[in-house]
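When we follow full-length UniProt numbering, the leftmost residue of the sequence shown carries the number 1, and every step to the right adds one. Backbone N, C-alpha and C define an ideal beta-carbon position, used for all residues, glycine too.
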Amino acid sequence: MYRPKATCTMTQDETRLPALSANLCASDTMPGMGSNTWIIDTDASDHMTYDDNMFDELSHIPRDPYITSANGLSSPVTGEVRRCVSNKVHGGSVKDKQQLWLWHRRLGHPSFGYLKHLFPSLFSSCDESSFKCETCVMAKSHRTVFPLSNNKAALPFELVHSDVWGPSRVTSHGFRWFVTFIDDCTRLTWVYLMKHKHDVAYILPVFCAMVSTQFHASVKVFRIDNGGEYVNHTLTQFFRDQGIIHQTTTPFTPQQNGVSERKNRQLLKVARSFLLDMYVPHHLWGHGVLAAAYLINRTPSRVLDFKTPLDILCAHTPPLSVSKLPPKVFGCVAYVHVYSHQRSKLDPCALRCVFIGYSTTQKGYKCYHPPS
Numbered sequence: 001m002y003r004p005k006a007t008c009t010m011t012q013d014e015t016r017l018p019a020l021s022a023n024l025c026a027s028d029t030m031p032g033m034g035s036n037t038w039i040i041d042t043d044a045s046d047h048m049t050y051d052d053n054m055f056d057e058l059s060h061i062p063r064d065p066y067i068t069s070a071n072g073l074s075s076p077v078t079g080e081v082r083r084c085v086s087n088k089v090h091g092g093s094v095k096d097k098q099q100l101w102l103w104h105r106r107l108g109h110p111s112f113g114y115l116k117h118l119f120p121s122l123f124s125s126c127d128e129s130s131f132k133c134e135t136c137v138m139a140k141s142h143r144t145v146f147p148l149s150n151n152k153a154a155l156p157f158e159l160v161h162s163d164v165w166g167p168s169r170v171t172s173h174g175f176r177w178f179v180t181f182i183d184d185c186t187r188l189t190w191v192y193l194m195k196h197k198h199d200v201a202y203i204l205p206v207f208c209a210m211v212s213t214q215f216h217a218s219v220k221v222f223r224i225d226n227g228g229e230y231v232n233h234t235l236t237q238f239f240r241d242q243g244i245i246h247q248t249t250t251p252f253t254p255q256q257n258g259v260s261e262r263k264n265r266q267l268l269k270v271a272r273s274f275l276l277d278m279y280v281p282h283h284l285w286g287h288g289v290l291a292a293a294y295l296i297n298r299t300p301s302r303v304l305d306f307k308t309p310l311d312i313l314c315a316h317t318p319p320l321s322v323s324k325l326p327p328k329v330f331g332c333v334a335y336v337h338v339y340s341h342q343r344s345k346l347d348p349c350a351l352r353c354v355f356i357g358y359s360t361t362q363k364g365y366k367c368y369h370p371p372s
């Protein structure tokens, strides 16, 4: 039997060690940790790194020169040391960093500067600049944007911005487009998936009817681009009948509809982060966009002095009955209970599903069961 010693083991293979450390140190929840910084696992007797500059001596070990991790990868062992010359071991901040990475993924990959406002206590032992998320870099890269406008509507639904995105090369349950409606005062966002671009002609009146019934208000101004889905006889007549002012941008100047353009980009950033982070199939992008809108409406915004869009709306309207489900990591495994009348006595009591969002008509989560 091997008798463990409190030693530090070093490997040569720099390409294999990250996979090894992911199993030993749970570094998949802390992808921002640098390769020259390593963590002591208090439940282990041997700890590994590949930076020999941290040690003042290196001795040969007689046992097996390879270490095999749980995923089957092997890394050669070059020696062992008993004393570190570099003080790069982290202990107390590990739990805080794990929690921050978990919330970063749960909330759709917001910036860590933003998370510092939500969870200031978790940043007491770590700095926001130490977090680097490759998923965010890949999902959110963009060009420099036009300057923001400081003029904002004083009341909800005085001005509503709208834009259409699509077509997606991959359909999501038959949907290839989506349309957004953003209230200028509260920045509250509504998203409708569409199978065809011209579906806007009947979705927009449905949205206006919802505003009238649920909030006892009327949309006064619609600011949209010159797309044919908006500039047509059906919607022109609807705007005229409802007394709604229809504002359009000048040709080839989408920046004048900047609120909608930025909102679409934000929704896609979050949805793209969802898909990349948990390797979710692209055909579920529609659920990712809807889940992104759900979270954005319920998280504080810098534009709103770190209040949520729903909080701003409730300050102007009667209290709303809204879903307040705890957020989950999009794409995580979810076990859905199967009621007794839906199964035999020998069938499983739960199905292994994938979490894909939040229901807008029920107090519950949306889960995807690939086999069915």
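1. Identify, in the order they occur along the chain, each residue of the same chain with its Cβ nearer than 7 Å to the Cβ of residue 352, setting aside the five sequence neighbours on each side.
2. Determine the direct distance from the alpha carbon of residue 292 to that of residue 281, and round the result to whole angstroms.
3. Is DSSP giving residue 86 helix, strand or coil here?
4. Do you know offhand how far residue 137's Cα is from residue 357's?
5. Would you list, in sequence order, the uninterrupted beta strand (DSSP E) runs of no fewer than 3 residues that lie entirely inside the segment 203-249?
6. For residue 249, which of 265, 258, 286, 243 has the nearest alpha-carbon?
7. How far does the alpha helix (DSSP H) with residue 418 in it extend, from its first residue to its last?
8. Please name the residue or residues paired with residue 59 in a DSSP beta bridge.
9. Between which two residues does the beta strand (DSSP E) holding residue 316 run?
10. So, do the segment 154-171 and the segment 308-328 have three or more beta carbon pairs nearer to each other than 8 Å?
11. In three-state DSSP terms, what is residue 372?
12. Please report the straight-line C-alpha distance between residue 110 and residue 80, rounded to a whole angstrom.
13. In whole angstroms, what separates the C-alpha of residue 265 from that of residue 142?
14. With contact counted as at least three CB pairs below 8 Å, one residue from each stretch, are the segment 191-211 and the segment 228-237 in contact?
15. Quick check on residue 349: buried or exposed, where buried means 16 or more other Cβ atoms within 10 Å of its Cβ?
16. I'd like the list of long-range same chain contacts for residue 119, defined as Cβ closer than 8 Å, with 5 residues on each side in sequence excluded.
17. Rounded C-beta distance between residue 219 and residue 160? I'm assuming under 8 Å.
18. Taking 8 Å as the threshold, find out whether the segment 192-199 comes into contact with the segment 269-280 through three or more Cβ pairs.
19. Could you tell me the distance, in whole angstroms, from the CA atom of residue 367 to the CA atom of residue 355?
20. Tell me whether the beta-carbon of residue 125 lies closer than 9 Å to the beta-carbon of residue 96.
21. Out of 277, 221, 285, 311, point me to the one whose CA is closest to residue 329's CA.
22. Return the chain-ordered ranges of every beta strand (DSSP E) run that is complete within the segment 122-165 and spans a minimum of 3 residues.
23. Going by DSSP in three states, residue 31 sits in which element: helix, strand or coil?
24. Just curious, the alpha helix (DSSP H) that residue 287 is in, first and last residue?
25. Based on DSSP bridge pairs, tell me the residues matched to residue 175.
26. Looking only at DSSP bridge pairs, what is residue 337 linked to?
27. Could you work out which residue in 260, 226, 213 is closest to residue 184 when comparing CA atoms only?
28. Exposed or buried, which one is residue 305 when buried takes at least 16 other CB atoms within 10 Å?
29. Is it right to say residue 117 is buried, meaning 16 or more other beta carbons lie within 10 angstroms of its own, or is it exposed?
30. Tell me the rounded alpha-carbon separation between residue 253 and residue 247.
Quick look at the numbers:
1. On the sequence shown, residue 352 is found 352 positions in, with the first residue counted as 1. Closer than 7 Å at Cβ, skipping near neighbours: 333, 335.
2. The sequence position of residue 281 within the sequence shown is 281, counting from 1. The sequence position of residue 292 within the sequence shown is 292, counting from 1. The straight-line gap from Cα to Cα measures roughly 16 Å.
3. Within the sequence shown, residue 86 is the residue found at index 86, counting from 1. Caution applies to residue 86, whose pLDDT of 46 falls short of 50 and renders its modelled position unreliable; the value that the coordinates give is listed next. Residue 86: coil per DSSP, three-state reduction.
4. Locating residue 137 in the sequence shown gives position 137, where the first residue counts as 1. Locating residue 357 in the sequence shown gives position 357, where the first residue counts as 1. Approximately 23 Å between the Cα atoms of the pair.
5. 221-224, 245-248
6. Against the sequence shown, residue 249 aligns to sequence position 249. That would be 258, whose Cα lies nearest to the Cα of residue 249.
7. This structure cannot settle anything about residue 418, because the visible part of the chain is limited to 1 through 372.
8. Residue mapping note: residue 59 aligns to position 59 of the sequence shown, counting from 1. DSSP, once it has assigned bridges, lists 80 as partnering residue 59.
9. Walking along the sequence shown from the start, residue 316 turns up at place 316. Premise fails: residue 316 lies in the alpha helix (DSSP H), 309-316, not in any beta strand (DSSP E).
10. yes
11. Position 372 of the sequence shown holds residue 372. Residue state, collapsed to three classes: coil.
12. Within the sequence shown, the letter at position 110 stands for residue 110. Within the sequence shown, the letter at position 80 stands for residue 80. In a straight line, the C-alpha of residue 110 is about 41 Å away from that of residue 80.
13. Counted from its first residue, the sequence shown places residue 265 at position 265. Counted from its first residue, the sequence shown places residue 142 at position 142. Their Cα atoms are separated by approximately 9 Å.
14. yes
15. Locating residue 349 in the sequence shown gives position 349, where the first residue counts as 1. Exposed: under 16 other Cβ atoms inside 10 Å.
16. Reading the sequence shown from its first residue, position 119 is the one you call residue 119. The residues are 99, 100, 103.
17. Numbered from its first residue, the sequence shown carries residue 219 at position 219. Numbered from its first residue, the sequence shown carries residue 160 at position 160. Confirmed, about 5 Å.
18. no
19. To locate residue 367, count along the sequence shown from 1; it is residue 367. To locate residue 355, count along the sequence shown from 1; it is residue 355. Approximately 5 Å between the Cα atoms of the pair.
20. As a working note, residue 125 is residue 125 in the sequence shown. As a working note, residue 96 is residue 96 in the sequence shown. For residue 125 and residue 96, yes; Cβs fall inside 9 Å.
21. Mapped onto the sequence shown, residue 329 falls at position 329. Checked all of 277, 221, 285, 311; the closest Cα to residue 329 is 277.
22. 159-165
23. As a first step, residue 31 must be located in the sequence shown, where it is residue number 31. Only weak support is given to the placement of residue 31: the predicted model assigns it a pLDDT of 47, under 50, and the value that follows is read from those uncertain coordinates. It is coil, neither helix nor strand.
24. The residue given as residue 287 occupies position 287 in the sequence shown. Residues 285-296.
25. Taking the sequence shown and counting its residues from 1, the one referred to as residue 175 is at position 175. In the DSSP output, where bridge partners are listed per residue, residue 175 has 172.
26. Counted from its first residue, the sequence shown places residue 337 at position 337. 350, per the DSSP bridge assignment.
27. Numbered from its first residue, the sequence shown carries residue 184 at position 184. Of 260, 226, 213, the residue nearest in Cα terms is 260.
28. Your numbering for residue 305 matches position 305 in the sequence shown. Per the 10 Å Cβ criterion, exposed.
29. As a first step, residue 117 is located in the sequence shown; it is residue number 117 there, counting from the start. Answer is exposed; the Cβ neighbour count stays below 16.
30. Within the sequence shown, the letter at position 253 stands for residue 253. Within the sequence shown, the letter at position 247 stands for residue 247. Approximately 13 Å between the Cα atoms of the pair.
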